[in-house]
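> In terms of this note's numbering, the sequence shown opens at residue 718 and continues consecutively.
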Amino acid sequence: MNLSINVDGLALPVSGDLVALLSRIVSEQGLPSSNLEAATAVTFNFRDPTYSAETGGYHPVEIRLGRVNQHFRFEYLTDFSYVGAGPCCEISKEIDFDITWGKCEVRYCPPVDLADAASLYQTFESNFLSYYQMGVFGVSVAIEE
718 MNLSINVDGL
728 ALPVSGDLVA
738 LLSRIVSEQG
748 LPSSNLEAAT
758 AVTFNFRDPT
768 YSAETGGYHP
778 VEIRLGRVNQ
788 HFRFEYLTDF
798 SYVGAGPCCE
808 ISKEIDFDIT
818 WGKCEVRYCP
828 PVDLADAASL
838 YQTFESNFLS
848 YYQMGVFGVS
858 VAIEE
C-alpha cells in the first residue's frame, strides 16, 4: 500500500527522497492495507545494531507521521545519541525537529523556530538518507490505530 504523505506548508524542506523512502519501507514491510487505513500514526525507527556508548556508530533516528484526514504529515524527526559515561550513560535526544510545535532543539542549545533550522535539517536529512543507503540501519515500523 502507498503511504500518502502531505508536505505542503511544512516549515522544513522535507525532500521527495525522504517521502519516497518512508512509503517504500511501508510497502516492503508488507503491512496490511487495513492497518494503514485505520492508522492514526506511523512511527519509523532506524537503528544501527552496532551503535553503543563505547564504540559509537550511527545515531538512532525516529520519524513519526500523524494522520490528518486522508494523508499523513510529519510530526517529528529525532536523532538520538548517548550522553554520559560508564554505567551512567543513557540514550537521549541529540537533535529534535518537532514539527507539531514548530521548534528545533539541539542538545545544550536553546530551541529555535523550524524556519531558522532549515539548513541544519537539510544536512541532517542528507546524511540520514546516505546512511540508510549504506545499509547501516535496521528498520521497524509501528502503526497506531
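Beta carbons: idealized from backbone N, C-alpha and C, even for Gly.
Under a three-way DSSP split, which group does T795 fall into?
Within the sequence shown, residue 795 is the residue found at index 78, counting from 1. It is a strand residue.
> Determine whether the beta carbon atoms of E861 and A756 lie at a separation below 8 Å.
The sequence position of residue 861 within the sequence shown is 144, counting from 1. The sequence position of residue 756 within the sequence shown is 39, counting from 1. Yes. Within cutoff.
> Would you identify the three-state DSSP class for F761, choosing helix, strand or coil?
Your numbering for residue 761 matches position 44 in the sequence shown. DSSP places F761 in strand when its eight states are reduced to three.
> Hey, which unbroken runs of the alpha helix (DSSP H) at 4 residues or more fall wholly within the stretch 723-762?
Within the stretch 723-762, the complete alpha helix (DSSP H) runs of at least 4 residues are 733-746 and 750-755.
> Looking only at C-alpha atoms, which of L831, F789 and P730 sits nearest to E842?
Taking the sequence shown and counting its residues from 1, the one referred to as residue 842 is at position 125. Of the candidates L831, F789 and P730, the one whose C-alpha sits nearest the C-alpha of E842 is P730.
> When DSSP labels each residue in this structure, what does L720 get in the three-state scheme?
Position 3 of the sequence shown holds residue 720. Coil, per DSSP.
> Buried or exposed: Y825, going by 16 or more other Cβ atoms within 10 Å of its Cβ?
Mapped onto the sequence shown, residue 825 falls at position 108. By the 10 Å Cβ count, Y825 comes out exposed.
> Does DSSP classify A770 as helix, strand or coil?
For the purposes of this step, residue 770 is identified with residue 53 of the sequence shown, where counting begins at 1. Of the three classes helix, strand and coil, the one that applies to A770 here is coil, per DSSP.
> According to DSSP, is A802 part of a helix, a strand, or is it coil?
Mapped onto the sequence shown, residue 802 falls at position 85. Three-state result, A802: coil.
> Looking only at C-alpha atoms, which of P828, D725, E822 and G855 sits nearest to V785?
For the purposes of this step, residue 785 is taken as residue 68 along the sequence shown, with counting starting at 1. Minimum Cα distance to V785 is reached at D725.
> Please name the residue, chosen from Q850, K810, F854 and L794, that lies closest to A835 on a Cα-to-Cα basis.
Against the sequence shown, residue 835 aligns to sequence position 118. Considering only alpha carbons, the answer is L794.
> Would you list the one or two residues that DSSP bridges to A859?
One-based indexing of the sequence shown puts residue 859 at position 142. Answer is T760, bridged to A859.
> Does the stretch 773-791 come close enough to the stretch 756-765 to have 3 or more Cβ pairs within less than 8 Å?
Short answer: they touch.
> Alpha carbon to alpha carbon, how far is N723 from N752? Give it in angstroms, no decimals.
By one-based count along the sequence shown, residue 752 stands at place 35. By one-based count along the sequence shown, residue 723 stands at place 6. Distance between the alpha carbons of N752 and N723: 19 Å.
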